[in-house]
Every structure is written in structure tokens, then in C-alpha cells.
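Per this note's numbering, the very first residue in the sequence shown carries number 35; after that it's consecutive.
Accompanying notes for the structure given below.
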Amino acid sequence: MKLSKIIAIVIVSFLLLSLSGCVNGDKGSRLIKARCTSCHSTKRIYAHKRDKTEWLDIIKRMERHGAVLNSNERAFLVDYLSSKD
Ligand code: HEC
Numbered sequence: 035m036k037l038s039k040i041i042a043i044v045i046v047s048f049l050l051l052s053l054s055g056c057v058n059g060d061k062g063s064r065l066i067k068a069r070c071t072s073c074h075s076t077k078r079i080y081a082h083k084r085d086k087t088e089w090l091d092i093i094k095r096m097e098r099h100g101a102v103l104n105s106n107e108r109a110f111l112v113d114y115l116s117s118k119d
């Protein structure tokens, strides 16, 4: 295979990877805006870094307060929030 072809493939994979990162990021912030900001701002949500167990506890507590999430959305948000800085 020609070097230029390899370089092109590497560039395209990087572009696709960063694009999928963006889509995920958008999905996370859209979901948070839709399901978490009726009672408080996102400032409260992003105030501290927490691990998965802590996020799962908080999200379950939010559901007791009245937040509405299905199990996919709950799992997605736990991953999304715990991977944020
Ligand atoms: C029905 C109202 C409501 C919704 C919807 C809601 N919250 Fe909350 N949230 C609260 C209340 C009330 C508090 C303060 C009391 C508490 O911490 O339990 C709070 C506090 C918090 C805190 C601070 C907790 C701490 O211990 O510092 C975080 C983080 C949080 N919410 C995240 C979320 C996320 C993520 C969502 C979306 C899945 C969400 N909230 C949706 C009512 C809500």
C-alpha cells in the first residue's frame, strides 16, 4: 500500500473518531438539558467530578425527586457524566 493511502486512512479514522465524540457529547448535553434542568441549572450538575457509583446514586435520587429517565438514558448519563472532567 502506498504511504499516502495509509496517511489518508489514518486522517479519515481520526476525523470519524472526533466526530463520534462530538455526537456523543451533544447527545449527553441535550439529554441533560431535556431531563435535568427543569429543577436546577447545569451548574449544579457539573460542580463536582464524581465516579460512576456516585453518579448512579445521584441519578436515582433525582428520579425520586421527579426526574424521568429510561434505563438506557440512565446508563448513558452515568457513563457520560463520569467521563467528564
Ligand atoms: C424534579 C426535580 C429535579 C430534576 C428533574 C433533577 N434534579 Fe438534580 N436536584 C434536585 C434537587 C431538589 C436537588 C437538591 C437536593 C439533593 O441533592 O438531593 C438536586 C441536586 C442535584 C445535584 C447536587 C447533588 C449533590 O449531592 O451535590 C446534582 C449533581 C444533580 N441534582 C444532578 C441532576 C441530574 C444529572 C439530573 C438529570 C438526570 C437532575 N439532577 C434532575 C431536583 C431535580
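Note that the Cβ used here is the ideal one computed from N, Cα and C, for glycine as well.
Note to self: Give me, in chain order, the residues of the same chain whose beta-carbon lies closer than 8 Å to that of TYR80; leave out the 5 immediate sequence neighbours on both sides.
What the structure shows: LYS118
Notebook entry, point to check: Rounded C-beta distance between ARG69 and LEU103? I'm assuming under 8 Å.
Noted result: Approximately 6 Å separates the beta-carbon atoms of ARG69 and LEU103; this is inside 8 Å, confirming the contact.
Check: Measuring from the CB of ARG64, is there a heavy atom of ligand 1 at a distance below 7 Å?
Finding: No, the beta carbon of ARG64 sits no closer than 7 Å to any heavy atom of ligand 1.
Next item on the list: Assuming ASP85 and SER105 form a contact by the criterion Cβ under 8 Å, report the distance between their Cβ atoms to the nearest whole angstrom.
Entry: The pair is not a contact, with the Cβ atoms about 20 Å apart (cut-off 8 Å).
Checklist line | Distance between ALA42 and TRP89 (C-alpha atoms, nearest Å) | finding: 40 Å
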